[in-house]
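In the numbering used here, the protein residues as written are 380 to 518.
A short worksheet on the structure shown next.
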């Protein structure tokens, strides 16, 4: 918790230097907890947080309503399940109650770091191209 809080304060400080810009945060694993903490600052214009393979504490503060949330996970990610049990004393969760939850079947935790071909419904695409669609602002 202390390392997360420290990292969140550093992220907040960095983002406050660019208050005039819209912010889209793309997070992986515990970076999601850092982003969630930083997003509590109402001075920041955070438009979206994309969580990838991130454990979520069941009782963590939710991000403020104007922030759009996308949560990408895989049921095959045993590392995330372990983090939810160990880091959050069994009070973690994979799926968020609010926001858009997207499962990419069959990916392990480290697979989310590689630009591999994935199957999303009937469509095959590269993982990093999929990520890009989530962080590209719509016009």
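Every residue gets a Cβ at the ideal spot worked out from N, C-alpha and C, and that includes glycine.
* Taking residue 500 as the reference, give the member of 514, 481 and 516 with the closest Cα. => Of 514, 481 and 516, the residue nearest in Cα terms is 481.
* What does DSSP give as the partner residues of residue 404 in its beta bridges? -> Answer by DSSP bridge pairing, in chain order: 428.
* Taking 8 Å as the threshold, find out whether the stretch 432–445 comes into contact with the stretch 461–479 through three or more Cβ pairs. => Output reads yes: the stretch 461–479 touches the stretch 432–445.
* Return yes when the Cβ of residue 488 is within less than 8 Å of the Cβ of residue 432, no when it is not. => At a Cβ-Cβ threshold of 8 Å, residue 432 and residue 488 count as neighbours.
* To do: Take residue 458 and list the residues in its own chain whose beta-carbon comes closer than 6 Å to its own, dropping the five residues that flank it on each side.
  => Only 488 meet the Cβ criterion.
* To do: Can you grab the Cα-Cα spacing for the pair residue 515 / residue 415, in whole Å?
  => For residue 515 and residue 415, the gap between their C-alpha atoms comes out near 20 Å.
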